[in-house]
Amino acid sequence: MVELIVKILINAAALLVAVKVLEPAKLLSFNFGNDWWKLLLVALVFALINTYIKPIVKALSMPISILSLGLIAFVINAAMLLAVAFVSGQLKLGFKVGDYPPDLTTANTIIGALAGAVIISVVSTLASIALSPRKLM
């Protein structure tokens, strides 16, 4: 249970960093105002999508992943970020990737999803490494 809470908080921090970096270029936006619970709810949605949907997509895309030497992982991460934006739009939480929702086919949406996925991956990986217990050999 504690690991899940830590994972959600790491996701929230990574989402916030990505939004702060990409918001001036209109690639990501998150209008949560003073409602911090919206940030935690979007992070929870992000964690749930990454826990339940992403492994299925990765398993189905394994042949393409082998052929592309793993570069399809960036596209999968971007698609998961777009799924979070879709759910956030349905719940009226204020998280948008580029112009999505509602417009999925703009360059801002595609670039925002890819750049946001990279930033979130880097920040969450670094935070996970920093917070993981040290193992002595």
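In this note's numbering, each number is its position in the sequence shown, counted from 1, plus 1267.
Even for Gly, the Cβ is constructed at its ideal location relative to N, Cα and C.
- Counted as a single uninterrupted DSSP element, the alpha helix (DSSP H) harbouring PHE1353 occupies residues 1339 to 1357.
- Straight across, the Cα-Cα distance linking SER1395 with GLY1383 is about 18 Å.
- Sorting ALA1310, GLU1290, ALA1374 by C-alpha distance to the C-alpha of VAL1351 places ALA1310 at the top.
- The alpha-carbon separation between LYS1325 and ILE1316 amounts to approximately 12 Å.
- When rounded, the separation of the alpha-carbon atoms in ILE1387 and VAL1284 is 8 Å.
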